[in-house]
Amino acid sequence: MVLNGGRGGGHHRLLVSGVAYELLRFAAMLALTLLGLIFITFLIGRVVPIDPVLAVVGDRASAETYARVREELGIDLPIHQQFWLYLGKVVQGDFGTSVITSQTVLHDLRQYFPATLELATAATLIGVLAGVPMGVIAATHRGRWIDHVTRIVGLVGYSMPVFWMGMVGLLVLYSWLDLVSGPGRLDIAYDGLVEPVTGLLTVDSALSGDWDVFRNALSHLVLPAGLLGYLTLAYISRMTRSFMLGQLNQEYILTARAKGVPERRVVWRHALGNIMVPLITVIALSYASLLEGAVLTETVFAWPGLGLYITRSLFNADMNAVLGGTLLIGAIFVCLNVFCDMLYRLLDPRART
Amino acid sequence: MRRLLLGLLLSATMLSSPVLAETPANTLVVAKNIDDIVTMDPAEIYELSNSEVAVNVYDRLMGLEIGDMANVAPKVAESYSVSEDGKVFTFRLKPDIKFHSGNPLTAEDVEFSLERVILLNLTPAYLFQALGWNQENVKDMVKVIDPLTLEFTVSEKYAPTYVLNLMSTVTSSIVDKKEALAHEKDGDMGHDWLKTNSAGSGAYSMRSWKANESVIMEANPDFRLGSPKIERVIIRHIPEGSAQRLLIEKGDVDIARNLTPDQIAGIAGNSDVVVETYPKATVYYLGLSQKVEVLRNPKVQEALRWLIDYQGMVDTFLKGQMKVHQAFWPSGFFASLEDTPYRLDVAKAKALLAEAGYPDGFKIQFDIANTQPYTAIAQSIQSTFGEAGIEVTINSAEVKQALTKYRARQQEMIYMYWGPDYLDPNANADSFASNPDNSDNSPSKPLAWRNSWDIPDITAETRAALQESDTEKRRQMYLDLQAKLQKSGPFINMFQESEQTVMRKNVKGFFSGPNADLVFYREVSK
Amino acid sequence: MSARAWLLSDMPGSRRQASLGQWYRNWLSFKGNPLAMTGLAVVVFLVLVAILAPILPLQSPTAQALADRLQPPSAAHWFGTDELGRDILSRIAWGARITLTIVIMVVVIVVPLGLLVGTVSGYVGGPLDIVLMRVTDIFMAFPRLVLALAFVAAIKPGLESAIIAIALTSWPPYARIARAETLTLRQADFVKAARLQGASPLRILWNHIVPLCTASVVVRMTLDMAGIILTAAGLGFLGLGAQPPLPEWGAMISTGRDYLLDQWWVATIPGLAIFVVSLGFNLLGDGLRDVLDPKRS
Chain Z
6 MVLNGGRGGG
16 HHRLLVSGVA
26 YELLRFAAML
36 ALTLLGLIFI
46 TFLIGRVVPI
56 DPVLAVVGDR
66 ASAETYARVR
76 EELGIDLPIH
86 QQFWLYLGKV
96 VQGDFGTSVI
106 TSQTVLHDLR
116 QYFPATLELA
126 TAATLIGVLA
136 GVPMGVIAAT
146 HRGRWIDHVT
156 RIVGLVGYSM
166 PVFWMGMVGL
176 LVLYSWLDLV
186 SGPGRLDIAY
196 DGLVEPVTGL
206 LTVDSALSGD
216 WDVFRNALSH
226 LVLPAGLLGY
236 LTLAYISRMT
246 RSFMLGQLNQ
256 EYILTARAKG
266 VPERRVVWRH
276 ALGNIMVPLI
286 TVIALSYASL
296 LEGAVLTETV
306 FAWPGLGLYI
316 TRSLFNADMN
326 AVLGGTLLIG
336 AIFVCLNVFC
346 DMLYRLLDPR
356 ART
Chain D
8 MRRLLLGLLL
18 SATMLSSPVL
28 AETPANTLVV
38 AKNIDDIVTM
48 DPAEIYELSN
58 SEVAVNVYDR
68 LMGLEIGDMA
78 NVAPKVAESY
88 SVSEDGKVFT
98 FRLKPDIKFH
108 SGNPLTAEDV
118 EFSLERVILL
128 NLTPAYLFQA
138 LGWNQENVKD
148 MVKVIDPLTL
158 EFTVSEKYAP
168 TYVLNLMSTV
178 TSSIVDKKEA
188 LAHEKDGDMG
198 HDWLKTNSAG
208 SGAYSMRSWK
218 ANESVIMEAN
228 PDFRLGSPKI
238 ERVIIRHIPE
248 GSAQRLLIEK
258 GDVDIARNLT
268 PDQIAGIAGN
278 SDVVVETYPK
288 ATVYYLGLSQ
298 KVEVLRNPKV
308 QEALRWLIDY
318 QGMVDTFLKG
328 QMKVHQAFWP
338 SGFFASLEDT
348 PYRLDVAKAK
358 ALLAEAGYPD
368 GFKIQFDIAN
378 TQPYTAIAQS
388 IQSTFGEAGI
398 EVTINSAEVK
408 QALTKYRARQ
418 QEMIYMYWGP
428 DYLDPNANAD
438 SFASNPDNSD
448 NSPSKPLAWR
458 NSWDIPDITA
468 ETRAALQESD
478 TEKRRQMYLD
488 LQAKLQKSGP
498 FINMFQESEQ
508 TVMRKNVKGF
518 FSGPNADLVF
528 YREVSK
Chain B
23 MSARAWLLSD
33 MPGSRRQASL
43 GQWYRNWLSF
53 KGNPLAMTGL
63 AVVVFLVLVA
73 ILAPILPLQS
83 PTAQALADRL
93 QPPSAAHWFG
103 TDELGRDILS
113 RIAWGARITL
123 TIVIMVVVIV
133 VPLGLLVGTV
143 SGYVGGPLDI
153 VLMRVTDIFM
163 AFPRLVLALA
173 FVAAIKPGLE
183 SAIIAIALTS
193 WPPYARIARA
203 ETLTLRQADF
213 VKAARLQGAS
223 PLRILWNHIV
233 PLCTASVVVR
243 MTLDMAGIIL
253 TAAGLGFLGL
263 GAQPPLPEWG
273 AMISTGRDYL
283 LDQWWVATIP
293 GLAIFVVSLG
303 FNLLGDGLRD
313 VLDPKRS
């Protein structure tokens, strides 16, 4: 799952001159992928049968108004011209204005992305903190009950319709048991009390020492993050188990055991240490997919995140917003990939030439 | 490991127990789906949720006030007069009205506000363009006589109630000229700034609007009718009825606006909340495109009118939020046609279809929006049409997608709604019963055009009714038009909406009028 | 000699015996795994229900009875009725057909596409490899749901477009797997031998490489089926899947969520159906992987 070639390929290339080459390659890859993304998004904008003017002027505007807006949006230009115009602006850091929020796309992304970031990060933390130990224990107890439990927990996680679990979770934990807070990121009473710094409500409130807001934000976060965290856990525990099984039969482990190194140390230090690189890759990819914005979870929890933003923009043919969101996600994806790629080269002796 | 998990779970639970179970005493918290808001500039506002904010933030020359939803009365205006020939309207303004900024409200602000609608040429500009105003002449048509007197001219003689109704729309909201111009950019008359800010003189000022998150309004103690009772109103975007229900039952919000009839039924036993019903002016209809040959057949049209289970739907999944209404102008207003002659009668419909030459029915495509209750209504229609052999294929899509198709006249049959822009019958007649140009590149796209219904005679009747100044005659003209469209033509008017609002029982004084721009928060207390 | 002994023979007398023996051994090891067998049972049950839905003694999945709407589970309606008074049991059974159709159609599109791109890219290498992998990257970097949503909206909402959209977003990983396998196989002796004998690249790809890649692709596919079901349900949930009145499970949840508090069965039962079927596919896939691809289990 590494960007430049996956297992087996790609790592055996000549190192021309370290950093400079890497940077160049990274830049080229980022640029190429983003160009591709913009292009496809443009095509989508072309074929989606929703009139973008409708989102601006509504259904009853006069022909004059309609024509003026159509011209302003530049929809009648040939698509390659639109493409270059957009590109020119993006290079200057201008992502345009969203027609449905009346704000610049950058402003919107700054508002919506932190919500997604907070949810994705919390979910990944849960997934990693619980998933990695589970996977390791399952591997060391292969075939025993704890292994089966881990397997079932994982498979159940893979099989849950998350929007449905969200609804049921809200019903039980919020409505009946009152253990968590309801939809949204904060109760009204706490809205706007904390100055946004990072946009992550838990972090901002902790920074300003406002613990009431912190508790409230956390109580809203627990359920959606727990659900997504469970999905992540399912994935990560399985991958950890499988990587660990691969290591535990290796000679160096057997040697270490023979030498009398305590089993705990063999497992948690040696074996786990050796699977760090592929494990981090797996974690990074799952994090990237969460950062895409979980549209369904966001719908159920009224969570104002990136997924909802892009979806809603798409259905209003608000292509500036869709392009901006897509580019952000694409860039994150490429960067995480490159990060993992570098990790391989730095840490994995086999990948060094 | 287990201990770790248990510990995590416990600490998460303890940390997260909600602290407050109620909303602050000086704040009204409203749960509503506000994803339709795209702007807050009154010259551009056109959607439902922002109209609702605008009526609380901006004042108008004329309008309806709580207590009388039938007669348009002066608001900012103290009095008005209409010239003999019906073309010149003069308004005398109330003195001592102040904007939120502290600036006095004068005739100059009114002039600015009316002119900028035409000059900016945004969505609702068509409302004023109908008065014969355009970018070239509007500066001559609208004039300041003195600081408290405004005069404007319309190009033809219209029924005065029609013109006064236009002066009571959101579009006629009076904007603080000084404030708007202080934020002007490239000659945009403050448009860019007003999209996300407010400069009005209404009961509330808008503190913030965050798309898909919230609108926050603060009380204006100097409001023309006195200071509002509650200091702050927060409208929070909660798209799902089920989520709104959870919040209102918990007391996390004071008012929930988008519960479905079944959700309302579900809270019937809860004594902490009350449900109020407010009739609305929005009507729902089935449109039959006259491009489709079979739908042009009058017998088929009549047969279809007998193939809808109006009452069955209203008694079940639409209960309390729709009533059967079979005319294009909603009931409860001037010139409403109240009778509902059609009900489900499959035998009669089959006979009519046989007479029309379609004893075995036919196939038809049906476009709808992909949300409830549209999908349920569509499936009910599909099922009853099926009983007469008509095979309906449903195409459900995002509402904008369905509208795009509709405006391109590519649909065969569509289920849609129509809300009048102002409460004069012309608002609906002008769309249902008027089609000045049926060609594909017609500048206007009224509903009759969208259904390819070429009706020069009816269009002329609609025009005549608009210009009739004798109220009684005018009423009769609209009743005749409605009766005509009820019996034939491409529109099967089915329902009229009611809003059911759920409130915590301590909330008093909320008022929701027949149109979105008649929702008032200033009397609310709790 | 019993059939069993013949199949398990250490010294098979023919290639056919060897290969059948291998299959039989796989089956034995699969059979010994209760979880996998449970998965198989669920999937077989799903297939049976889907095939038999028209002849089972069920009520019509589309017949409405507004007077009987939102009835709780009872003898007349085992799973209750929905908002239009339709029998949920029958809708679930008919919905199985839709789910199965989606799964099969997506597989039919994705596997050949992924194999084609992956094997060609890996075998030919050079600029073509770079181009194909860059395209794969772009598709992988694209927000999946956005692509699917856009696609569905672009054609027209419905079952067919949902299937194509899901396929469109799920082929890249297969291309990657196939490419990785091809890269290792390309240097294998038997491929070299075939090349020396003058076999055309097309022939080598088709006869030698594709069959060997298929195993890992199929394992991945079985594990992905649950994902396909969930994505389809997600599209249905957003109102972009099968059109009403088709009883698609995701769409049923979507309607049912309005009734969750008072009529739990309307949303819960299709939710459970999705969950059980996904779990079935996952258990099956997991078991298959243990058998077919032990190094990665």
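Residue numbers (the working numbering), protein chains in the order written: chain Z, 6 to 358; chain D, 8 to 533; chain B, 23 to 319.
Just so it is clear, CB atoms sit at the ideal spot from N, CA and C, and this is done for glycine as well.
In this chain, the beta strand (DSSP E) harbouring Gly-294 (chain D) covers 280-295. With 16 or more other CB atoms across the displayed protein chains lying within 10 angstroms of its CB, Pro-283 (chain Z) is buried. Within the region 248-267 of chain B, contact with chain D at the beta-carbon level (separation under 9 Å) is assigned to Leu-260, Gly-261, Leu-262, Gln-265, Pro-266 and Pro-267. When C-beta atoms of the region 202-219 of chain D are compared with those of the region 62-73 of chain D, three or more pairs fall below 8 Å, so the two segments count as touching. Look at Ile-397 (chain D): its C-beta is not under 8 Å from any C-beta on chain B. The beta carbons of Ser-291 (chain Z) and Gly-159 (chain Z) sit no closer together than 8 Å. The alpha-carbon separation between Ala-239 (chain Z) and Ala-125 (chain Z) amounts to approximately 15 Å.
For Val-36 (chain D), the C-beta contacts it makes with chain Z under 8 Å involve Ile-193, in order along the chain. A straight line joining the alpha-carbon of Val-260 (chain D) with that of Thr-30 (chain D) spans about 6 Å.
DSSP places Gly-136 (chain B) within a helical segment (H, G or I) once states are collapsed to three. With the criterion set as a beta carbon lying under 8 Å from some beta carbon of chain Z, the members of the region 245-261 of chain D are Ile-245, Pro-246, Glu-247, Ser-249, Ala-250, Leu-253, Leu-254, Glu-256, Lys-257, Asp-259 and Val-260, in sequence order. Where Glu-69 (chain Z) is concerned, there is no enclosing beta strand (DSSP E), although the alpha helix (DSSP H) around it starts and stops at 68-78. Counted as a single uninterrupted DSSP element, the alpha helix (DSSP H) harbouring Ala-261 (chain Z) occupies residues 256-263.
Chain-ordered, the chain Z residues with CB closer than 7 Å to the CB of Asp-42 (chain D) read Arg-317. In the structure shown, the three-state DSSP call for Val-83 (chain D) is coil. About 32 Å separates the beta carbons of Phe-135 (chain D) and Met-329 (chain D), which is beyond the 8 Å limit, so they are not a contact pair. Distance from the CA of Ser-180 (chain Z) to the CA of Arg-190 (chain Z), rounded to the nearest whole angstrom, comes to 17 Å.
Of all residues in the region 266-296 of chain B, those with a C-beta nearer than 7 Å to a C-beta of chain D are Pro-266, Pro-267, Thr-277, Arg-279, Asp-280, Tyr-281, Leu-282, Leu-283 and Asp-284, reading in chain order.
When Cβ-Cβ separations below 8 Å define contact, Ser-192 (chain B) makes no contact with chain Z. Chain-ordered, the chain D residues with CB closer than 8 Å to the CB of Gln-86 (chain B) read Gln-386, Ser-387 and Ser-390.
Within the region 155-169 of chain Z, the residues whose Cβ lies closer than 9 Å to any Cβ of chain B are, in chain order, Arg-156, Ile-157, Gly-159, Leu-160, Val-161, Tyr-163, Ser-164, Met-165, Pro-166, Val-167, Phe-168 and Trp-169.
Distance check between Thr-109 (chain Z) and each of D:Ala-50, D:Lys-287, D:Asp-75 and D:Val-45 places D:Val-45 closest, using alpha-carbon atoms only.
Shown here, His-244 (chain D) sits in a strand according to DSSP, grouped into three states. The bridge partners DSSP lists for Val-331 (chain D) are D:Phe-502. For the region 277-292 of chain D, no residue has a beta-carbon sitting nearer than 7 Å to a beta-carbon of chain Z.
Membership of Ile-55 (chain Z) in any beta strand (DSSP E) is not indicated, and neither H nor E is assigned to it by DSSP. DSSP places Glu-309 (chain D) in the uninterrupted alpha helix (DSSP H) bounded by 305-312. Counting only runs of 4 or more residues that sit fully inside the region 184-242 of chain B, the alpha helix (DSSP H) segments are 194-208, 211-218 and 223-226, in chain order.
Non-local beta-carbon contacts of Thr-70 (chain Z) in its own chain, meaning distances under 6 Å to residues more than five positions away in sequence, involve Val-62 in chain order. Contact note: Arg-113 (chain B) does not reach chain Z at a C-beta cutoff of 9 Å; the least C-beta distance is about 16 Å.
Shown here for Ala-264 (chain B): same chain residues with a beta carbon closer than 8 Å to its own, the five before and five after excluded, namely Ile-120, Gly-180, Leu-181, Ala-184, Gly-258, Glu-270 and Ala-273 in chain order.
For Ala-263 (chain D), same chain residues with a beta-carbon under 6 Å away, outside a window of 5 residues either side, are Ala-38, Gln-251, Ile-255 and Val-509 in chain order.
Annotation: Lys-105 (chain D) to Arg-99 (chain D) spans about 16 Å, alpha carbon to alpha carbon.
Rounded to whole angstroms, the gap between the alpha carbons of Ile-334 (chain Z) and Asp-113 (chain Z) is 14 Å. Contact residues of the region 95-120 of chain B toward chain D are Glu-105 and Leu-106 (C-beta to C-beta distance below 8 Å). As DSSP reads the structure, Ser-208 (chain D) sits in no beta bridge.
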